[in-house]
Amino acid sequence: MTDNTVSFGRRNVAPDEKTRLVQGVFDRVAARYDVMNDIMSFGTHRLFKRMLVERTGLREGQYVLDLAGGTGDMAALLAPVVGEHGLVALTDLNGDMMQVGRDRLLDDGVACVQFCRAPAERLPFASDSFHCAVISFGLRNFTSKETAFAELARVLKPGGRLLVLEFAKPDDATLGSLYKGFQALWPGIGKALVGDAEPYRYLVESIEKHPKQKALALMMRDAGFIDVAYHDLLGGVAAIHEGVSP
Ligand code: SAM
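Residue numbering for the sequence shown follows our numbering, starting at 119 and increasing by one per position.
Put into structure tokens, the structure is as follows:
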């Protein structure tokens, strides 16, 4: 592995190649993303997302960045919290994922969400723009977490909160093995239900490669975030990391 490669699942690839491959993964899953999420998580992702929103501390009229917002689950939960005088900026690399979200939110009459196609590593927002930023199940796909954290620190107002919901690693060995065994079924479920195992194989590998909770907390501190903490969900199957922009 040379210094400038990054992991795409178990493979090491050039950064541009990772961005292209991740785009391809979400191009393939966009249309069935929401239904597969419900099936493969038994709906628990909805609970985790609600917990994330509760931890934001957002108030009416505030501005929140929903980074890697995809099909708009988080935006739909955040919009009523910030209200019509607030703003949810749903930003994502993938136009197909956002199109699903845009259709859904427009159909639901949600007015305070704006969509912006951009990579997490180059956010097209002015410094000090947001009171809060959330990333739900997006971070492990980023081409550079470090660059994305630096961008988040820039676009958040001083004192603004960053919350990251992501798959994690259970401390308990038995739970860890059970969870790995369950994940091993995902490519087969993908093949059976949508005729495509590859995106779900990448999903499993990307979870495997994602840093453990403590390492991720350290990465956030290195990016300048203060009061960094994390909360395990379901014994560490997932975790919410949070930090405050200096
Ligand atoms: N946040 C949504 C949710 O919780 O359901 C979507 C999560 S989906 C698993 C991951 C999203 O991250 C995809 O929509 C993908 O396009 C986006 N993504 C991946 N890499 C990205 C990057 N470098 N910058 C912005 N978005 C990215």
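The beta-carbon is built from N, C-alpha and C at its ideal position, and this holds for glycine as well.
So does the segment 148–156 actually touch the segment 211–227, counting three or more Cβ pairs closer than 8 Å?
As far as the Cβ criterion goes, the segment 148–156 touches the segment 211–227, which means the pair count is three or higher.
Using a Cβ-based criterion (distance less than 6 Å to any ligand heavy atom), does Asp210 qualify as near the ligand SAM?
Yes.
Have a look at Glu360, Leu303, Ala347 and Trp304 and flag the residue whose alpha-carbon is nearest the alpha-carbon of Val372.
The structure shown does not extend to residue 372, since the chain is modelled only from 119 through 364, so no value can be given for it.
Counting only the same chain and skipping the five closest in sequence on each side, list residues whose C-beta sits under 6 Å from that of Gly342.
These residues qualify, in order along the chain: Ala271 and Pro364.
Which runs of the beta strand (DSSP E) spanning at least 3 residues fall entirely within the segment 160–248, listed in chain order?
Here the runs fully enclosed are 181–185, 205–210 and 231–235.
Closer than 6 Å: is that where the CB of Ser254 sits relative to any heavy atom of the ligand SAM?
Under cutoff, so the answer is yes.
Is the segment 276–295 in contact with the segment 136–148, if contact means three or more CB pairs nearer than 8 Å?
Counting Cβ pairs under 8 Å, fewer than three are found: no touch.
What are the boundary residues of the alpha helix (DSSP H) that includes Ser295?
It spans Ala291 to Gln301 - the alpha helix (DSSP H) in which Ser295 sits, taken as one unbroken run.
Our contact map puts Gly201 next to Gly175 with C-beta atoms below 8 Å; I'd like the distance itself, whole angstroms only.
Actually they do not touch by this definition, with Cβ atoms about 15 Å apart.
For Asn259, does the three-state DSSP call read helix, strand or coil?
Helix at Asn259.
Give the secondary structure of Arg150 by DSSP, where H, G and I count as helix, E and B as strand, and everything else as coil.
Correct three-state label for Arg150: helix.
Rounded to a whole number of angstroms, what is the C-alpha to C-alpha distance between Val355 and Thr265?
For Val355 and Thr265, the distance between alpha carbons rounds to 26 Å.
So what's Ala357 in DSSP terms, helix, strand or just coil?
Ala357: strand per DSSP, three-state reduction.
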